[in-house]
Amino acid sequence: MVACEDQPTNTADSESTFQEENAKKFSQKVNIPSNRTVSLLPDAEAASSNWMAFITAKNEIERIDHFTLQEVVNNSNNFFRSVKQLQDSIPTDFEKTPIKTRLNVLLTKAYLLETEAERQRPNAGKIDTLSFELYNEFNNLKIQLNEAFLKPMEDFDLELDERIRIQDSLAKAKKEPLKKIK
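Under the UniProt record's numbering, the letters of the sequence shown match residues 1 to 182, in that order.
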């Protein structure tokens, strides 16, 4: 019977040790490189300005680079809910397959982060990695939003052809007066 009484103490000690070991790890800032920010082009910014779910998700996710790992754990449910709302409210300007695919990836990362955060003993390394991946995937989403407003290559070809035609006609016009003077 004495052995049975010692066992709860060992469990309590191991729990205490786990908390002490991880307290330092979870007080560290999330590791997000500072050069990983993507800005929206003016057209994409204007189109997303009325997309409230995007603004909410942007505010939630962009705060990650100032969070400690514990703050990420505490907010993981908010990340997941804001990304889910983002996916459920896509405006028609952004109803494109690459954007929907990017939103699926973003939702998966938010789900994985929330799942890890809700574990009884979350792993600080995994939280850090998943936080970076969520932040990175949100930047990839912004790239896709920008690409929705980029001109297709055919438009660039037409524009280039038009510029060449104008330059040729200007060059021709400059040569003609010189011939008349002679």
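Beta carbons are placed, not taken as given, at the ideal position from N, Cα and C, and that holds for glycine.
Segments of 4+ residues assigned as alpha helix (DSSP H) that fall wholly inside the stretch 16 to 60: 42 to 48
Other residues of its chain near Phe138: CB distance less than 8 Å, five sequence neighbours each side excluded: Ala57, Lys58, Ile61, Glu62 and Leu106
Rounded distance between the beta-carbons of Ala44 and Ala148, thought under 8 Å: 7 Å
Assigned exposure category for Ser48 - 16 Cβ within 10 Å defines buried: buried
Min CB distance Ala148 to chain C below 7 Å: No chain C is present in this structure, which holds just one protein chain.
Through-space distance from Asn78 to Val72, alpha-carbon basis: 10 Å
CB contact flag (Thr92, Lys29, <7 Å): no
Identified DSSP bridge partners for Thr68: Lys29
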